[in-house]
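If you want the numbering used here, it's the 1-based position in the sequence shown plus 1. Don't be surprised by glycine CBs; every beta carbon is placed ideally from N, CA and C. Bear in mind that the values here come from a model prediction, so they are computed numbers and not experimental data. These notes concern the structure reproduced below.
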Amino acid sequence: MRKTLLFILSLLICAVLCTAAAFAAEQTVYVKDGGTGDGTSAASPLGTLNAAVSALGGKGGTIVACGDVTVNAITTIPEQNGDFMLTSANGGRLLQGNRIQLGKNTNDNTFTFDLPIVMTKTYPVFIFGGFNSVHFTDKCVVTNNGANGSLHFMGGVLAASGTANAALVTELPYSITVDGGDFCMFSAGTYRSSVTAPVGSIAAPVTITINGGTFGKAGSYDLTTNNKNYWDVSIADGLILADDATLNITGGTFNAPIFAQGRLDNVPATASETSALTASDRKYYAADGDIRINITGGTFNGGLISAYYTQAGYTQMLRGSFDVTIGAGATFAAGTVIDATQVKAYAGSDKKATLTYPAGAGITAKRFDVVNGRAQTYEEPLRVAFIGDSITEGYFNAVKDRLTQAYPAQFHKLAEADGKEIIVSNYGVSASGFLPSTKRDYMKMLAYPLVMEECDATYYVIAMGTNDAAAIGGTNGALQRFETNYRSICEMLGKKADTKCVYITNAIYRKTSNAVNDLRASAVLHPAQERIARELAAKDPGKYDFINLYQLTYADAKSGALFAGSSENLHPATSGYGIMAKKLYDAILCGGAKEAAGFYMTDVYVSDKGSINGAGTADSPISNFAVAMDKFAPGADVTLHVVGTWTLGGNFFSSMNPSHLTIVGEGTDAVLSVSGDTFKLGSNMKIDNITLKSAKSGGTYIIGCYNDLEITASVKTTGTWNFYAGYNVFTRAEAAAATATAYDTVASASSDRNCTIRIESGAWTGFAGGNRRFAGGAPIGTYSGNMTLTVGTGATITGTDYIGVCGANYLTGSVVADIRATGSTLPDYMTTGTLSGVTYDAANNTGSIIRGDVPTGDLDRNGVIDIRDALIMLRCVLDGEFPYGSVYNGKTQVTLTDVLWLFAQIAK
């Protein structure tokens, strides 16, 4: 018994000591303007709020304003180890002239504001709760300073430019309680003061309880549009509400609409990129928490209580339950709408939107699954999601508000003007693409998981590729990866249950300072976009469609209306975005044209003396090579007529649209001048009656890409030319750089395509029936097709190193070669060049090379060795020169012994 009593006594002593310690930690500090004391009493106050906060030492406690306390500088109250209260005595007030920021929540303490607040500025000033639990008591009477000198409260933090994404994400539950106060903006979320700020997330339960106070700025609100453009009262502004949330309202006056998921605001490229944490996990980006709104009192003048604040920006669905319960004590403005439009559960989920309200409440329920216990039926609104780069995002210096001026936003305006209820999402990201080598890899942006998982659009419009054009026109590897990624994204969207159609558009006209990239957009990107769309549409009719936005806006580009003074000729101005919106709106929702009739041509005339705006006819040739390429009809035999000289400034890639392209000179003086180091074939090709001029000091390489090629005997060459029937293969290492246009793999360096090469003329330095390896780390591909390689007597091959019947690749197919050119003799296999991290094993060459060359010693190439050949060789002995090495053991000098050998062959 005695031991038991001693044990109980020990427990009591410990409890007393702990209680004493707890009381000792509860500090009280006094403060008022001009105070010079130590803060221990009202008679000895400290002089500033910062000093009072410092005196608490981070342990929590009470600060008593025993007079006016002015805040004119940004003031941060750090996270405390105990509850914190700011209260008043002796008529003390908080005179707020700058923002107050509470340190980000790391525990479960509560910050209480228990004193009058006077706004001293004529503009709004913030209190940021730092995701802490915050309580505004009924003593928190706010005195505004004029129409705009008001208090904004955000329960999170200030999301400024450069703010770390992690600072805007909370995974700790918190609550906001309001018994009094006057708040213009009010939310438990963040305020994104810069559009470049990341998008955060409330990834923990949050509760707001409002018992009194005034909220929102009184005024008239446009409740008919789904693209709202005003600040609101919400549970979560400026970030994603990704967990459970409860809003309890027992009193107060609400002069603005109320939203669960509030205004996210504009999310341009930088914000999408820096929101990497939010984009990394569904627990941050999926708005799948259950939301409850319980209203038992209060006056609601805003006309709307909605699940989601929709704008023509990053708009997503709420996936959890949305339960609204309204009691008899609340009053609503006439016509008030309770809207659950954006509530839509994942497939297979039983989450739903439920509304319970008393008869005579004077409200209208919109798209709830259950109202007062009865199941409802309704039609979903039309949802359209746009995926793209800066042009979709709405980038241009003159575009001040992309949420209203980008072409998706203007598309939205057109639909609403026509009486359509529509929700438009703009997931455009500037400088992005479907390749990892673009400045911004779209698949790593916040836009990507939202559009792929969270928007449930009826129609998707994909306008991506402008920033990929340089890379996909550079190497076959980049092109293959782009097409794989592009097709995959289209197919994933097409398979979504709500998808009616995926519209693929091509990039609009461009005339920038980078002529090579302009060309690659026309010659490679546009054909790839159209081909992918057509192939998908053929596979799943009605699910995919192609809109040739280039053609539909071409006339406006030529007239200057599309760019409206833009010197860059890449991003439209506001009015130009309006033109794009109208073309797309007509094509998608009004049955309008999806391409310009008669735009494609099978005969296109070009000349330096023509015009960029030429019609492409004989009397109106086109001067710009990118514009000319876009005229080529897909899948057709196209002839490009060169009148006089046509100059290709930079590397050239012929259009991938035609099945066969003939480049022919008109008259006798046609010249195709190339200043770049590559002339790449996008299709089967014939070159006829023209002079190929290389204006590149190091020479120009024709890269065949295993297409058929015929260069007729009427073709002349000037400058240095090289020919490789395969690919120009680059190293994988160069693809690591964000701006790299060089990317190849073993697969992209390989081909099984059958091709026929016939070259009847021209002087060639390098020459091979296969790949050219451009770098030591370039992979070694395999040619498994069947090639016929014919080089006529009118051609000359002068190189000695990088030449061969087979190029710098393995051969498992066949090459039938008939090489009658003068000059160097082609070996069976070309040297692979430098090998860096790559090995070459000749045993992999399991294919065959079958030569149909002229007999050794047939110097006049008439198919037989006769007395004429002996006399030619005798003359060469006397002259001391022998230019016939290609058909006689590669020699450059011969003697009488060789002449005797030739006579011996004749005698046989």
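Bridge-paired residues (DSSP) for residue i
{"i": "residue 718", "result": "693"}
{"i": "residue 504", "result": "462 and 546"}
{"i": "residue 340", "result": "307 and 367"}
{"i": "residue 907", "result": "Per DSSP, none; premise fails for residue 907."}
Per-residue burial, residue i [other beta carbons within 10 Å of its own, 16 or more giving buried]
{"i": "residue 493", "result": "exposed"}
{"i": "residue 864", "result": "exposed"}
{"i": "residue 149", "result": "exposed"}
{"i": "residue 306", "result": "buried"}
{"i": "residue 485", "result": "exposed"}
{"i": "residue 92", "result": "exposed"}
{"i": "residue 496", "result": "exposed"}
{"i": "residue 739", "result": "Low local confidence applies: a pLDDT of 48 at residue 739 is under 50, so the model's placement there is unreliable, with the coordinate-based value given in what follows. Per the 10 Å Cβ criterion, exposed."}
{"i": "residue 580", "result": "buried"}
{"i": "residue 433", "result": "buried"}
{"i": "residue 528", "result": "buried"}
{"i": "residue 595", "result": "buried"}
{"i": "residue 274", "result": "buried"}
{"i": "residue 443", "result": "buried"}
Rounded separation between residue i and residue j - CA only
{"i": "residue 50", "j": "residue 114", "result": "13 Å"}
{"i": "residue 880", "j": "residue 783", "result": "45 Å"}
{"i": "residue 695", "j": "residue 802", "result": "21 Å"}
{"i": "residue 278", "j": "residue 231", "result": "28 Å"}
{"i": "residue 160", "j": "residue 130", "result": "13 Å"}
{"i": "residue 570", "j": "residue 515", "result": "11 Å"}
{"i": "residue 510", "j": "residue 683", "result": "20 Å"}
{"i": "residue 654", "j": "residue 679", "result": "8 Å"}
{"i": "residue 648", "j": "residue 721", "result": "16 Å"}
{"i": "residue 900", "j": "residue 781", "result": "43 Å"}
{"i": "residue 524", "j": "residue 76", "result": "58 Å"}
{"i": "residue 221", "j": "residue 258", "result": "10 Å"}
{"i": "residue 360", "j": "residue 180", "result": "28 Å"}
{"i": "residue 727", "j": "residue 229", "result": "55 Å"}
{"i": "residue 558", "j": "residue 552", "result": "10 Å"}
{"i": "residue 905", "j": "residue 876", "result": "18 Å"}
{"i": "residue 167", "j": "residue 201", "result": "8 Å"}
{"i": "residue 672", "j": "residue 713", "result": "15 Å"}
{"i": "residue 22", "j": "residue 60", "result": "Because the pLDDT at residue 22 is just 41, under 50, the model does not fix this residue reliably, and the point stays unresolved."}
{"i": "residue 322", "j": "residue 352", "result": "5 Å"}
{"i": "residue 790", "j": "residue 831", "result": "15 Å"}
Distance CB(residue i)-CB(residue j) smaller than 9 Å
{"i": "residue 1", "j": "residue 52", "result": "For residue 1 there is no data in the structure shown, the boundaries of the chain being 2 and 909."}
{"i": "residue 354", "j": "residue 325", "result": "yes"}
{"i": "residue 175", "j": "residue 249", "result": "no"}
{"i": "residue 403", "j": "residue 573", "result": "no"}
{"i": "residue 390", "j": "residue 267", "result": "no"}
{"i": "residue 368", "j": "residue 424", "result": "no"}
{"i": "residue 214", "j": "residue 244", "result": "no"}
{"i": "residue 506", "j": "residue 533", "result": "no"}
{"i": "residue 319", "j": "residue 339", "result": "no"}
{"i": "residue 848", "j": "residue 888", "result": "no"}
{"i": "residue 242", "j": "residue 191", "result": "no"}
{"i": "residue 254", "j": "residue 299", "result": "yes"}
DSSP state of residue i mapped onto helix, strand, coil
{"i": "residue 815", "result": "strand"}
{"i": "residue 729", "result": "strand"}
{"i": "residue 491", "result": "helix"}
{"i": "residue 200", "result": "coil"}
{"i": "residue 56", "result": "helix"}
{"i": "residue 81", "result": "coil"}
{"i": "residue 551", "result": "helix"}
{"i": "residue 380", "result": "coil"}
{"i": "residue 412", "result": "helix"}
{"i": "residue 481", "result": "helix"}
{"i": "residue 873", "result": "helix"}
{"i": "residue 685", "result": "strand"}
{"i": "residue 868", "result": "helix"}
{"i": "residue 785", "result": "coil"}
Near the ligand NAD: residue i beta-carbon under 8 Å from a heavy atom
{"i": "residue 419", "result": "Ligands in the displayed structure: none, and consequently the ligand NAD is not present."}
Chain B within 9 Å of residue i, Cβ atoms only
{"i": "residue 496", "result": "Here chain B cannot be found, since the structure has a single protein chain."}
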